[in-house]
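Before any comments, here is the structure.
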Amino acid sequence: RRGRGGLAAVESVRDAGLEGLAALRDLQLAGNRVADYRDLPRLARLPSLESVSFSDAHFGSCPIAGREGYRDAVLGALRHVTSLDAAEVTRADRRHARDAHP
Numbered sequence: 608r609r610g611r612g613g614l615a616a617v618e619s620v621r622d623a624g625l626e627g628l629a630a631l632r633d634l635q636l637a638g639n640r641v642a643d644y645r646d647l648p649r650l651a652r653l654p655s656l657e658s659v660s661f662s663d664a665h666f667g668s669c670p671i672a673g674r675e676g677y678r679d680a681v682l683g684a685l686r687h688v689t690s691l692d693a694a695e696v697t698r699a700d701r702r703h704a705r706d707a708h709p
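For the sequence shown, this note's numbering assigns the number 608 to the initial residue and increments by one for each residue that follows.
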């Protein structure tokens with residue numbers, strides 16, 4: 608399937624070809640079709656990842672961004688990320704995610 612601009616839309620992080628991108632710092636997945644929390648551990652394997660976006664005002668949101676507990680699930684799995692959907696991750700965010708996903 609094609610997304611905006613005729614580019615192939617990402618259905619799953621498993622299909623995105625991210626393995627081996629150890630220096631990747633910023634990942635913009637907004638507007639794609641990522642819907643499954645089971646994709647998050649694959650992103651956790653990217654040691655330099657600081658910023659990830661599943662939702663964006665311009666490109667729209669991935670289905671995962673509309674799921675209950677979305678922010679806590681992402682921050683629970685991606686403990687090294689400092690920005691989610693262009694918003695800084697605060698200590699309170701971390702604490703809440705840790706409590707929700709020990």
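The beta-carbon is built from N, C-alpha and C at its ideal position, and this holds for glycine as well.
None of these values were measured; they are calculated from a predicted model.
Using the three-state DSSP reduction, which class does Gly683 fall into: helix, strand or coil? helix
**Message:** For Gly564 and Ser660, what's the separation of their Cα atoms in angstroms?
**Reply:** Here the chain has residues from 608 to 709 only, and residue 564 is not among them.
Taking Asp633 as part of the beta strand (DSSP E), name the residues at either end of that continuous run.
633–635
Query raised in the report: Can you name the start and end residues of the alpha helix (DSSP H) that Ala707 belongs to?
Result: 698–707
* Whole-angstrom C-beta distance between Leu634 and Cys669, which should lie under 8 Å -> Not confirmed; about 12 Å, so no contact.
One question on the structure: do Leu712 and Ala651 come within less than 7 Å of each other, judged by their Cβ atoms? In the structure displayed, the chain extends from 608 to 709; residue 712 sits before or after that span and is not available.
Ala699 classed as buried or exposed, judged by whether at least 16 other C-beta atoms fall within 10 angstroms:
exposed
Nearest to Ala707 by CA position, among Glu675, Ala693, His687, Ser690, is which residue?
Glu675
Notebook entry, point to check: From Asp679 to Glu657, what distance separates their C-alpha atoms?
Noted result: 16 Å
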